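Inspection log for the structure reproduced underneath, given as structure tokens.
Numbering (the working numbering), first residue to last: 5 to 70.
The structure is reproduced here in structure tokens:
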């Protein structure tokens, strides 16, 4: 199992920003498919609490990380 490396505030910001990006990408009729991908990644990492990029960079934003 992946060890959590995102704090609660980080997760909330990711979820809100991800949902906003998804809504913008899906409601605009232009070529913003890349925005939907970024939004989906933010939503998934926010729900799971693990960010692979944070792991590569050695970043942990949670206080009670294992």
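For every residue, glycine included, the Cβ atom is placed at its ideal position computed from N, Cα and C. This one's a predicted model, so the numbers in the text were calculated from it and none came from an experiment.
Please state the DSSP three-state secondary structure of residue i.
| i | result |
| --- | --- |
| residue 68 | coil |
| residue 35 | coil |
| residue 41 | helix |
| residue 60 | helix |
| residue 46 | helix |
| residue 6 | coil |
Looking at the unbroken alpha helix (DSSP H) that takes in residue i, where does it start and where does it end?
| i | result |
| --- | --- |
| residue 31 | 12-31 |
Could you tell me the alpha carbon to alpha carbon distance between residue i and residue j, rounded to whole angstroms?
| i | j | result |
| --- | --- | --- |
| residue 62 | residue 45 | 19 angstroms |
| residue 41 | residue 53 | 18 angstroms |
| residue 65 | residue 21 | 17 angstroms |
| residue 8 | residue 43 | 20 angstroms |
| residue 35 | residue 13 | 31 angstroms |
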